[in-house]
Amino acid sequence: MSGLALGGLGFAAAIVMIFLEIPVAVALGLVGLIGSAMIIGFSGAEAIGATTVWDSLTNYTLTMLPLFVMMGNLAARCGLSTKLYQSMSVLTGHRRGGLALATIGASAGFGMISGSSLATTATMGRIALPQMREAGYSRSLSAGSVAAGGTLGILIPPSTVLVIYAFIAEQSIRSLLLATAGPIFLAVLLYCMAIWVPIWMGWSSAPQRARAGLAERRDALRELLPPVGIFGLIMGGLYSGLFTANETAAIGAAVVLAYGLLTRRLSGDGLMAAVMDTAMTCGALYLVLIGANLFNFFLALSGLPFSLTDMFSGILDEPLLVILLMLAIYLVLGTLMDSLAMLLLTVPLFVPVAQAAGIDLVWFGIFAVTVVEMGLITPPVGMNLFVLKTVSPDVKLTELWVGVTPFVIADLVRVAIIIAIPAIVLWLPLNAL
Amino acid sequence: MTASAIRNILSKAFLAAAGGCFVFGAGVTVGDVVLRAVAGMNVPAAIELTSLSIGLGALLSMPVCYAKATHVTARLLSELSPGRFSRPLGLVGSVFSLGFAALLLWILARNAFSKLGSPQTTADLGLSMPLALSVVALALAAALVASVAGLFLTLKNGREL
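In order, the protein sequences belong to chains A and B. Following the working numbering, the numbering of the first sequence begins with 89 at its first residue and continues without gaps. Following the working numbering, the numbering of the second sequence begins with 531 at its first residue and continues without gaps.
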């Protein structure tokens, strides 16, 4: 069998294995090792395996991954994510759709911490859905804002998915993190519209609550300072060039730790739990990286990425067409798998094509993460919708579809804007100090 | 002491050791930044020290990941129909995980064995490479044992462990 046929077969096998719920790391790693052995022999695959494991474990760039995860876990143990939702409900609850806005904001904050859209949707579904229902919000708006909010956090620094993209696509993580600023601003603006427009049109109900007292609002604002400060520290440190991305991650973790200890919000048990949660998450993430590296090596050996670039050769001078084709593939894959799995499978294949089409790979990273997340809420079978259905079985799927439609439209508009105006993504990394 | 209590203690010990490595790595990086700002100096071999400590942390946390089946998994079918798919797919996942753990151990153990007696050292700290590779192989051996435990637990309890 030719290398190319093996590459295609391996790719299909990885998709089937992931669909059959075999862990992503295991599926990619086994296909990578066995596929490489079939092309270059077992001793060659053994050498690749040994080098890949050692390189993945000792890669300096990847050290920021556990440090960002630790920062998030410490923030969660300090109660920052819960406080975020409470504060935002106090500040925006008196406006029409205010609780839905608070849900979007808190989901983004929680997503930053958890690094998983599915986990964010499940958690925020339990916290925010009952509150919105109690306040008289329509079920579709409540469910839609939880499902969509879960997709935002992945783009917000510290984004573990972007760190992994940077590692696989060999791009600057600093540039990628800085590139998120414009799209995040755009996403928040468009999600606000996705909440308000159906309310203005009378399609969703979102009653206003009584305005909170001045003291309560002041307290809520004070509670918002730490998460905003931490975000500012990360972006400021990266933009000014004062710290490298790795140093930013370590300092971020140290600052949250100091905040938790000084304000007594972090007990000894909380610290221990945060550190152990970090270890648990990172064991899984490093296994994924090892598996993805083995899979990448196999794909490169098979020549599949180069053949794909050849296949695209007729349209490489029309980057827009290439982008639209990739968008369609991501939306279809979003019905089958998680964002990380999708990126790990597609980045080794799509990056050479994007490069050949003259597409900036920092821009492509932001585009890929955005559309991968969009796939998770695209009806009829986005995965976030099923997670929400599991958390809240009484919500009908049709209500979920109606609820997420304005957010999917908002996402499509966002993607169209970043395609039309790439500077929204690239201006900050190109002009950083 | 019951098997469950022993498993719990071992998991906590691995996770605490892994977490300690991450905290140490963060401490080295923060120390390096502070030293650079205050005295214009660097922590000697800071980059390698950080990389190795965090790599060791990741390695030590892998056995727990296998034992508790906390891998990154795209669960669509078992979310759609937990009763029908959760247990059989959990078993399939555990069997394949065991195979992967065994394959990685085989590869790394052979690699470590082939390097025994080599004078090779790490670039900055000068640590013995055969020793470092042996540590990796030992941790992967623990991961293999943990994946056997993971399979056993999935057989016994289903996916929710």
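All C-beta atoms, glycine included, are put in the ideal place defined by N, C-alpha and C.
Inter-residue Cα distance where the pair is residue i and residue j
i, j, result
"Thr139 (chain A)", "Tyr148 (chain A)", "15 Å"
"Leu382 (chain A)", "Ala333 (chain A)", "25 Å"
"Lys598 (chain B)", "Asp398 (chain A)", "43 Å"
"Glu109 (chain A)", "Leu516 (chain A)", "39 Å"
"Ala671 (chain B)", "Leu635 (chain B)", "6 Å"
"Tyr418 (chain A)", "Arg306 (chain A)", "43 Å"
"Leu544 (chain A)", "Gly167 (chain A)", "What the structure shows of chain A is the stretch from 89 to 521, and residue 544 (chain A) is not part of that stretch, so it cannot be assessed."
"Ile584 (chain B)", "Thr652 (chain B)", "15 Å"
"Arg183 (chain A)", "Gly301 (chain A)", "14 Å"
"Leu691 (chain B)", "Leu619 (chain B)", "The predicted model places Leu691 (chain B) with a pLDDT of 43, which falls under 50 and marks its position as unreliable; any figure quoted below should be read in that light. Going from the Cα of Leu691 (chain B) to the Cα of Leu619 (chain B) covers about 14 Å."
"Ile536 (chain B)", "Ala543 (chain B)", "10 Å"
"Leu415 (chain A)", "Leu514 (chain A)", "20 Å"
"Ser144 (chain A)", "Ile283 (chain A)", "42 Å"
"Gly96 (chain A)", "Leu392 (chain A)", "7 Å"
"Thr580 (chain B)", "Gly557 (chain B)", "9 Å"
"Phe495 (chain A)", "Trp288 (chain A)", "15 Å"
"Met430 (chain A)", "Leu421 (chain A)", "7 Å"
"Ser131 (chain A)", "Phe643 (chain B)", "15 Å"
Simplified DSSP state of residue i, which is helix, strand or coil
i, result
"Ser608 (chain A)", "No answer is possible for residue 608 (chain A): the residues shown for chain A start at 89 and end at 521."
"Ser292 (chain A)", "coil"
"Thr336 (chain A)", "helix"
"Thr651 (chain B)", "strand"
"Ser228 (chain A)", "helix"
"Ser247 (chain A)", "coil"
"Ser644 (chain B)", "helix"
"Ser260 (chain A)", "coil"
"Glu690 (chain B)", "Only weak support exists for where Glu690 (chain B) lies, its pLDDT of 48 falling under 50; the coordinates are left without a value."
"Ser658 (chain B)", "strand"
"Leu404 (chain A)", "coil"
"Tyr347 (chain A)", "helix"
"Pro467 (chain A)", "coil"
"Gly237 (chain A)", "helix"
"Gly422 (chain A)", "coil"
"Asn147 (chain A)", "coil"
"Arg353 (chain A)", "coil"
"Val573 (chain B)", "coil"
Start and end residues, alpha helix (DSSP H) containing residue i
i, result
"Gln443 (chain A)", "Ser427 to Ala444"
"Lys171 (chain A)", "Leu168 to Thr180"
"Ala543 (chain B)", "Ala533 to Ala569"
"Phe578 (chain B)", "Before going on, a small fix: residue 578 (chain B) reads as Glu here, not Phe. Looking at the DSSP string, the run of the alpha helix (DSSP H) that includes Glu578 (chain B) is Ala576 to Ala597."
"Ser480 (chain A)", "Per DSSP, Ser480 (chain A) belongs to no alpha helix (DSSP H) and is neither H nor E."
"Asn384 (chain A)", "Gly356 to Ser390"
"Val602 (chain B)", "No alpha helix (DSSP H) contains Val602 (chain B), which DSSP labels as neither H nor E."
"Glu609 (chain B)", "Leu607 to Leu610"
"Thr493 (chain A)", "Leu485 to Ala508"
"Met126 (chain A)", "Val112 to Ile128"
"Ala102 (chain A)", "Gly91 to Phe107"
"Ile454 (chain A)", "Leu449 to Gly463"
"Asn161 (chain A)", "Met152 to Arg165"
"Val513 (chain A)", "Ala511 to Asn519"
Chain-order list of residues whose beta-carbon lies under 7 Å from that of residue i (same chain, five-residue window excluded)
i, result
"Tyr596 (chain B)", "Ser627, Ala631, Ala673, Ala676, Ser677 and Gly680"
"Ser534 (chain B)", "none"
"Leu127 (chain A)", "Note that residue 127 (chain A) is Ile in the sequence shown, not Leu. Excluding positions up to five away in sequence, the list reads Gly91, Leu94, Leu389 and Ser390."
"Asn519 (chain A)", "none"
"Ser427 (chain A)", "Ser205, Ile242, Val249, Val460, Glu461 and Leu464"
"Ser624 (chain B)", "Ala599, Gly680, Leu681 and Thr684"
"Asp562 (chain B)", "Asn572, Val573 and Ala576"
Same chain only: Cβ atoms within 8 Å of residue i, ignoring 5 sequence neighbours per side
i, result
"Val435 (chain A)", "Tyr253, Ile256, Ala257 and Ala456"
"Ser177 (chain A)", "Gly186, Leu187, Ala190 and Gln219"
"Leu638 (chain B)", "Leu663, Val666, Ala667 and Leu670"
Own chain partners of residue i with C-beta closer than 6 Å, once the 5 adjacent residues on each side are dropped
i, result
"Met512 (chain A)", "Reading off the sequence shown, one finds Ile at residue 512 (chain A), where the question assumed Met. The residues are Gly270 and Ile506."
"Phe655 (chain B)", "Sequence inspection shows Leu at residue 655 (chain B); the Phe mentioned does not correspond to that position. So the qualifying residues of the chain are Ala575 and Glu578."
"Ala216 (chain A)", "Thr191 and Val234"
"Ala444 (chain A)", "Thr397 and Leu404"
"Asn687 (chain B)", "none"
"Val490 (chain A)", "Ser228"
"Met159 (chain A)", "Gly340, Ala341 and Val344"
"Leu312 (chain A)", "Ser175"
Check your understanding: With a cut-off of 8 Å, do at least 3 Cβ pairs link the stretch 154 to 165 of chain A to the stretch 369 to 383 of chain A?
Key -> Three or more pairs of CB atoms, one per stretch, sit closer than 8 Å, so the stretch 154 to 165 of chain A contacts the stretch 369 to 383 of chain A.
Check your understanding: Touch check for the stretch 377 to 395 of chain A and the stretch 116 to 132 of chain A: three-plus C-beta pairs under 8 Å?
Key -> yes
Practice item. Evaluate contact between the stretch 562 to 577 of chain B and the stretch 642 to 649 of chain B, counting only Cβ atoms and requiring at least three cross-stretch pairs below 8 Å. Key: Two segments are said to touch when three or more pairs of C-beta atoms, one from each, lie closer than 8 Å; by this definition the stretch 562 to 577 of chain B does not touch the stretch 642 to 649 of chain B.
Check your understanding: Does the count of Cβ pairs from the stretch 443 to 454 of chain A and the stretch 479 to 493 of chain A closer than 8 Å reach three?
Key -> Because the criterion of three Cβ pairs below 8 Å is not met, the stretch 443 to 454 of chain A and the stretch 479 to 493 of chain A do not touch.
Practice item. Answer yes if the stretch 345 to 365 of chain A comes into contact with the stretch 164 to 179 of chain A, meaning at least three C-beta pairs across the two stretches below 8 Å, and no otherwise. Key: yes
Point to revise | Segment contact, 8 Å Cβ cut-off, at least three pairs: the stretch 321 to 330 of chain A with the stretch 225 to 239 of chain A | key: no
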